[in-house]
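Here's the structure, in structure tokens; my notes come after.
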Amino acid sequence: MIFAPHTLQVKVTTPMETDEFGRPIPGTGGESWQDVCKCRCDDNSTKEFTSENGKVYRPNYHVVCEKKTSLKAGDEVRCMDGDNTRGTGKVYTVKNTNYFGYSEIWL
73 MIFAPHTLQV KVTTPMETDE FGRPIPGTGG ESWQDVCKCR CDDNSTKEFT SENGKVYRPN
133 YHVVCEKKTS LKAGDEVRCM DGDNTRGTGK VYTVKNTNYF GYSEIWL
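Heads up, the sequence shown is in the working numbering, so the first residue is 73 and it goes up one at a time.
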């Protein structure tokens, strides 16, 4: 993709480690952000999706990634523009293309 000024990151949650009695060990586990790929994040409040039960969703962001991703609905992601957060949210749907090798994500 020629124009990919942002970086897509996914939140990774590491569970707390336990001792031999099953008690959690303080200071272990936690949350961190892992880079996925370069992307373009656009504000998008005009697209509507309708689920099978008739509920209407209007995603806030449309993200185009420069490669196929393994993200799935429900993952928490954010788009970074340098040190600033461009957009953040939970993935509603992911579409991978067959031929061109890019992904579209709606948050």
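Every residue, glycine too, gets a C-beta built ideally from N, C-alpha and C.
(1) Just the Cα atoms here: how many angstroms apart are lysine 139 and threonine 79?
(2) So is tyrosine 129 buried or exposed if we call it buried at 16+ other beta carbons inside 10 Å?
(3) If we ignore side chains and look at the alpha-carbon of each, how far apart do phenylalanine 75 and tyrosine 133 end up?
(4) Sorted by chain position, which residues of the same chain lie with C-beta nearer than 7 Å to aspartate 153's C-beta, five sequence neighbours on each side aside?
(5) Measuring alpha carbon to alpha carbon, tell me which of Glu176, Tyr164, Thr85 and Gln81 ends up nearest lysine 127.
(6) Using CA coordinates, which residue listed in Glu176, Gly146 and Lys83 is at the minimum distance from valine 135?
(7) Taking only three categories from DSSP, how would you classify asparagine 188?
(8) Enumerate, from N- to C-terminal direction, the unbroken beta strand (DSSP E) stretches of 3 or more residues contained entirely within the stretch 106 to 164.
(9) Out of Asn125, Asp115 and Cys109, which has the shortest C-alpha to C-alpha gap to glycine 161?
(10) Under a Cβ-count criterion, where at least 16 other Cβ atoms within 10 Å of its own Cβ denotes burial, should proline 98 be classed as buried or exposed?
(11) From which residue to which residue does the beta strand (DSSP E) around isoleucine 177 run?
Let me spell this out:
(1) Start at 1 with the first residue of the sequence shown, and residue 139 comes out as number 67. Start at 1 with the first residue of the sequence shown, and residue 79 comes out as number 7. Their backbone Cα atoms lie some 12 Å apart in a straight line.
(2) By 1-based counting over the sequence shown, the position of residue 129 is 57. With fewer than 16 other Cβ atoms within 10 Å, it is exposed.
(3) Walking along the sequence shown from the start, residue 75 turns up at place 3. Walking along the sequence shown from the start, residue 133 turns up at place 61. For phenylalanine 75 and tyrosine 133, the distance between alpha carbons rounds to 17 Å.
(4) Taking the sequence shown and counting its residues from 1, the one referred to as residue 153 is at position 81. Result list for aspartate 153: Pro77 and His78, in chain order.
(5) Here residue 127 refers to the residue found at position 55 of the sequence shown. The candidate whose alpha carbon is nearest that of lysine 127 is Tyr164.
(6) Taking the first residue of the sequence shown as position 1, residue 135 is located at position 63. Looking at the Cα atoms, Glu176 is the closest of the given residues.
(7) Because residue 188 is not part of the residues shown, which for the chain are 73 to 179, the question remains open.
(8) 133 to 137, 148 to 153 and 156 to 162
(9) The count along the sequence shown starts at 1 and reaches residue 161 at position 89. Closest by alpha carbon: Asp115.
(10) The residue given as residue 98 occupies position 26 in the sequence shown. Burial call: exposed.
(11) Here the question's residue 177 lines up with position 105 in the sequence shown. Segment 175 to 178, the beta strand (DSSP E) holding isoleucine 177.
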